[in-house]
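Just so it is clear: in the sequence shown, position 121 is 106 by this note's numbering, and no numbers are missing.
All C-beta atoms, glycine included, are put in the ideal place defined by N, C-alpha and C.
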Amino acid sequence: MAKIIISKDNFYHNLNQIALKTGSIDKIAIVLKDNAYGHGLALMGQLASDFGITRAVVRNDSEVEVIREMFPYILVLGDRPCRDSVVHYALNTLTDINRAQEGAQVELKVDTGMHRNGIAPEELEEALGLIAQKGLRLRGMMTHFRAADEMGSALFWQQQRFDELKERVRAAGFEKVRFHSHNSAAILRNKEFDEDMVRVGIAAYGYSELPVPFDTVDLKPVMRLVASRVSTRRLQAGARIGYGGDFEAPKAMTVSTYDLGYGDGWCRGNTFAPFVTAEGVPILGRVSMDFISLEGDKEEVCIFDDAKKAAAQLGTISYEVMTALSQDVERIVI
């Protein structure tokens, strides 16, 4: 089977770059949800912990159990809040508050303009009252920016709205509440940072989606996808390859099959606008469930070493390219 090569040096380089923006690694919460953006949950959790990161963000309780022993603080974005000494739960709705277990550590998400999850500003006092009534321990308040990686004013008015909501929480008598709004794009974009924590996802894995006018931060891709040769054959001009015979050899060619397919989470793409690997070799014909065909006979080929560039070819985003890769594909740290 194909394998994913994880660069420990690049990962640590990226975390150092982010620490320069936050002023301390203590303020970095590494986002490990969805199998650490495809990099491997347990593997990346251990690397982050070894680096000195003490905070992690995951999607649900199942992910918590993989990394529980690695971090003293774990934020769960989408599961029923339960009493736990390590785990904090995001509250996205009034219903979340009502179904939470008494004594749970919670962080209230507020909707400052993304309109996806979070308490509406006009619901804030009701939410705070319910939190007190239910005996929940309010440890934090958070929001999410809808367009921190785009030109425009959205980031600034969302920040302003969040600042106003912070004051209302303080006025309600809640003390020692952690405030955090910054994601990767926001921390890379802003020149000043004065919050308690930053939730770092895509930047830790080597990518910035900021447009050209913004200052660049030197980030390095952590993931490289490679495939191994399964078989090789010599084809004559006119021979057709794969399902449907979409590719016709224009000349005599040496063609090899490699152990990567859509069953591994690789995109089928477009046969008539084929994906070109990091080594400059186009995929020949259709991507099969378990195999692709390439010209040549190398034992191992690099499919991509930059998910952002790969995504541009496939008409998607780096997040999708990485998170789509099957958990069964072996991850190896170098």
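Asked                                                                                                                      : Found
M29 burial status per 10 Å Cβ neighbour count (16 or more: buried)                                                         : buried
Candidates N83, E152, A237, of which the one nearest G223 by Cα                                                            : A237
Distance, L17 Cα to S34 Cα                                                                                                 : 12 Å
Host alpha helix (DSSP H) of L79 (start-end)                                                                               : 79 to 84
First and last residue of the uninterrupted alpha helix (DSSP H) at G30                                                    : 26 to 36
Nearest-angstrom Cα separation, counted from C287 out to R44                                                               : 30 Å
Identity of the residue in K12, G227, T78 nearest Y58 by Cα                                                                : K12
Beta-carbon spacing of I226, L279 below 8 Å                                                                                : no
C-alpha distance - S213 paired with P267, whole-angstrom precision                                                         : 16 Å
Where the beta strand (DSSP E) containing Y58 begins and where it ends                                                     : 58 to 61
Buried versus exposed call for I319 [16 or more other C-beta atoms within 10 Å across all chains shown]                    : exposed
Beta-carbon contacts of D290 that lie in its chain and below 7 Å, excluding the five residues immediately before and after : P206, R209, A263
Enclosing beta strand (DSSP E) for V71 [first to last residue]                                                             : Careful: V71 lies outside any beta strand (DSSP E) and carries neither H nor E.
Beta-carbon gap between K(-12) and E315 smaller than 8 Å                                                                   : yes
Option in S166, L5, V61 with minimal Cα separation from V91                                                                : V61
Element boundaries [alpha helix (DSSP H), containing L173]                                                                 : 169 to 174
Proximal residues to M127 (C-beta, below 6 Å), its chain only, five neighbours per side dropped                            : E92, K94, H165
Environment of Y228 [buried if 16+ CB atoms lie within 10 Å]                                                               : exposed
Distance, D179 Cα to N(-5) Cα                                                                                              : 26 Å
Residue closest to A133, alpha-carbon to alpha-carbon, out of L76, R174, D275                                              : R174
R122 burial status per 10 Å Cβ neighbour count (16 or more: buried)                                                        : exposed
Three CB pairs or more closer than 8 Å across the region 100 to 111 and the region 65 to 72                                : no
Cβ-based burial, P196 [other Cβ within 10 Å; buried from 16]                                                               : exposed
Selection from E54, A27, L32, G23 that minimises the alpha carbon distance to N(-1)                                        : L32
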